[in-house]
Ligand SMILES: Cc1cc2nc3c(=O)[nH]c(=O)nc-3n(C[C@H](O)[C@H](O)[C@H](O)COP(=O)(O)O)c2cc1C
């Protein structure tokens with residue numbers, strides 16, 4: 005009820021202004037306990053994935069705390085993990101505004117942000133400050149990395165390797181984003197001919213870094229929902245071949261199916277939220293049937309309710325991430341989804 009009132013005000017604002025308002029005030033709101041009015045209890049339901057112990061199965065998807073500046077505050081809302089970023093080698097402004105639109109009747113979001121971020125150096129510095137308390141209580145932090153908008157596709161590997169070098173020591177896991185539709189040509193990295201070379205280079209870099217630091221940092225690769233089933237399967241084979249530790253399914257979609265009737269559908273960018281649920285869950289199922297447990301799957305896409313979170317688990321997910329659901333359903337969804345997954349796991 006309280007969140008519905010807050011949402012009514014927030015939804016009157018431009019979406020990016022509302023996002024900045026929330027991020028700009030979350031630290032004091034958590035410190036003073038104000039957010040307790042709209043969150044449920046933290047759920048203790050430990051789950052081991054990628055060799056890491058997550059306090060519960062529900063995390064925050066990449067893109068909300070792009071700058072890694074509010075990890076402990078956001079974590080206090082009940083997330084078992086937080087994926088910060090996407091961070092690129094250097095700071096970049098992203099695409100010109102406006103670049104974020106709500107499709108309210110469909111519970112969707114269209115975003116054309118384009119990896120606006122402070123760059124990997126500043127992002128990691130931010131995390132060193134903002135993530136300490138969250139990690140002390142067992143919260144897991146993933147650092148999502150991507151290529152610079154201006155980097156040619158042939159040079160993308162070097163961007164990922166630079167980011168890995170800078171993020172490695174401070175990440176619980178790394179997420180390789182090759183599926184954001186808003187960075188020129190990025191999704192082409194998922195093509196068979198490019199994917200093997202990229203993932204091989206990432207695996208080699210990880211080997212060098214784990215030797216250097218004496219610590220193995222698991223890696224998940226985040227794929228998009230617009231791949232054919234065959235491409236999903238062949239990508240999974242590449243991830244297994246080169247020793248990746250998980251796959252995240254999925255990023256936003258270029259499709260406008262389900263929102264064609266709304267004017268916001270005409271905007272460029274990736275669609276998330278409820279209209280993405282079926283498409284991303286289909287990819288999850290294809291992966292799950294193909295991988296047969298060889299790699300865990302982190303599910304992202306359209307988790308707007310506790311029931312849909314459980315659907316993702318039933319379809320083969322080991323962890324579930326929320327982004328758009330946080331905006332539409334409010335922070336209570338985190339605890340409710342984690343609780344529903346806990347209850348479902350106990351019946352198995
Ligand atoms: C405004 C916005 C920004 C996003 N930025 C990123 C990003 O920087 N990197 C990334 O991997 N995913 C990004 N995403 C994708 C989300 O992490 C998530 O995969 C996607 O929205 C599907 O989940 P959802 O339906 O729960 O929102 C972004 C999504 C939105 C809505």
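In the numbering used here, the protein residues as written are 5 to 352. Ideal Cβ positions, reconstructed from N, Cα and C, are used throughout, including at glycine. These numbers were taken from a predicted model, which means no experiment stands behind them.
Taking C-alpha atoms, which residue in 39, 182 and 74 lies nearest to residue 256?
In the chain shown, counting from the first residue as 1, residue 256 sits at position 252. Out of 39, 182 and 74, 182 has the C-alpha closest to the C-alpha of residue 256.
ask   = CA-CA distance, residue 276 and residue 113?
value = Indexing the chain shown from 1 puts residue 276 at position 272. Indexing the chain shown from 1 puts residue 113 at position 109. Distance between the alpha carbons of residue 276 and residue 113 is about 5 Å.
Quick test of your reading: residue 324 and residue 347, contact by CB under 8 Å. State the CB separation rounded to the nearest angstrom.
In the chain shown, the residue the question calls residue 324 occupies position 320. In the chain shown, the residue the question calls residue 347 occupies position 343. Incorrect: roughly 14 Å between the Cβ atoms, too far for contact.
| said: Measuring straight from C-alpha to C-alpha, what distance separates residue 88 and residue 220? | reply: Here residue 88 refers to the residue found at position 84 of the chain shown. Here residue 220 refers to the residue found at position 216 of the chain shown. When rounded, the distance between both Cα atoms is 19 Å.
If you compare alpha carbons, which of 225, 38, 338 and 327 is closest to residue 54?
Within the chain shown, residue 54 is the residue found at index 50, counting from 1. Answer by Cα proximity: 225.
message = Please report the distance separating the alpha-carbon of residue 37 from that of residue 77.
response = Here residue 37 refers to the residue found at position 33 of the chain shown. Here residue 77 refers to the residue found at position 73 of the chain shown. Residue 37 and residue 77: Cα-Cα distance of roughly 11 Å.
(message) Assuming the contact rule is C-beta atoms closer than 8 Å, residue 153 and residue 188 should be a hit. Round their C-beta distance to whole Å, please.
(response) Within the chain shown, residue 153 is the residue found at index 149, counting from 1. Within the chain shown, residue 188 is the residue found at index 184, counting from 1. Rounded, the Cβ-Cβ distance is 6 Å, consistent with contact.
Which class does residue 256 belong to by DSSP, given the choice of helix, strand or coil?
In the chain shown, residue 256 corresponds to position 252, counting from 1. Note: residue 256 maps to coil in three-state DSSP.
- Quick one, which of 170, 123 and 51 has its alpha-carbon nearest residue 142's? What you label residue 142 is simply residue 138 of the chain shown in a count that begins at 1. Minimum Cα distance to residue 142 is reached at 51.
Note to self: If contact is defined by three or more beta carbon pairs under 8 Å, each pair taking one atom from either stretch, is the segment 63–73 in contact with the segment 90–106?
What the structure shows: yes
- Task: Could you check if residue 165 is buried or exposed, using at least 16 other CB atoms within 10 Å of its CB as the buried criterion?
- Result: Indexing the chain shown from 1 puts residue 165 at position 161. With 16 or more other Cβ atoms within 10 Å, it is buried.
task = Tell me whether residue 283 is buried or exposed, calling it buried when 16 or more other Cβ atoms sit within 10 Å of its Cβ.
result = On the chain shown, position 279 is the one that residue 283 refers to. Buried is the call here.
* Starting from residue 331, trace the alpha helix (DSSP H) both ways and give me its first and last residue. => Position 327 of the chain shown holds residue 331. First-last of the alpha helix (DSSP H) with residue 331: 328–333.
Buried or exposed for residue 285, going by 16 or more other Cβ atoms inside 10 Å? Here residue 285 corresponds to residue number 281 of the chain shown, with the count starting at 1. Label assigned to residue 285: buried.
Neighbourhood of residue 2 by C-beta distance below 7 Å, restricted to the same chain and skipping five residues each side: Nothing about residue 2 can be read from this structure; the chain reaches only from 5 to 352.
- Can you list the beta strand (DSSP E) stretches of 3 or more residues lying completely in the segment 127–186, in chain order? 144–149 and 177–181
Tell me the residue span of the beta strand (DSSP E) that contains residue 219.
The sequence position of residue 219 within the chain shown is 215, counting from 1. First-last for residue 219: undefined, no H or E at that position.
* Asked: Should residue 173 and residue 146 be called a contact, given that it needs their Cβ atoms to be closer than 8 Å?
  -> Taking the first residue of the chain shown as 1, we reach residue 173 at position 169. Taking the first residue of the chain shown as 1, we reach residue 146 at position 142. For residue 173 and residue 146, no; Cβs fall outside 8 Å.
#### Entry: Backbone CA spacing between residue 43 and residue 149 [nearest angstrom]
Counting from one through the chain shown, the residue named residue 43 turns up at place 39. Counting from one through the chain shown, the residue named residue 149 turns up at place 145. About 29 Å.
Would you kindly work out how many angstroms separate the C-alpha atoms of residue 24 and residue 218, rounded to a whole number? Position 20 of the chain shown, counted from the first residue, corresponds to residue 24. Position 214 of the chain shown, counted from the first residue, corresponds to residue 218. Roughly 38 Å separates the two Cα atoms.
(request) Taking residue 11 as the reference, give the member of 310, 332 and 233 with the closest Cα. (result) Start at 1 with the first residue of the chain shown, and residue 11 comes out as number 7. The shortest C-alpha separation from residue 11 is found at 332.
>> Quick check: the Cα distance between residue 155 and residue 161, rounded to an integer number of angstroms?
In response: Stepping through the chain shown from its first residue, residue 155 is reached at position 151. Stepping through the chain shown from its first residue, residue 161 is reached at position 157. Approximately 10 Å, taken between the alpha carbons.
Please determine if the segment 194–212 and the segment 102–119 are in contact, where contact requires at least 3 C-beta pairs separated by less than 8 Å.
-> no
Margin query: Counting C-beta neighbours from all protein chains within 10 Å, is the total for residue 352 16 or more, i.e. buried, or is it exposed?
Written below: Translated into positions along the chain shown, residue 352 becomes position 348. Flag for residue 352 reads exposed.
Considering just the uninterrupted stretch of the beta strand (DSSP E) at residue 115, what are its terminal residues?
Counting from 1 along the chain shown, the entry for residue 115 is found at position 111. Note, residue 115: beta strand (DSSP E), 112–115.
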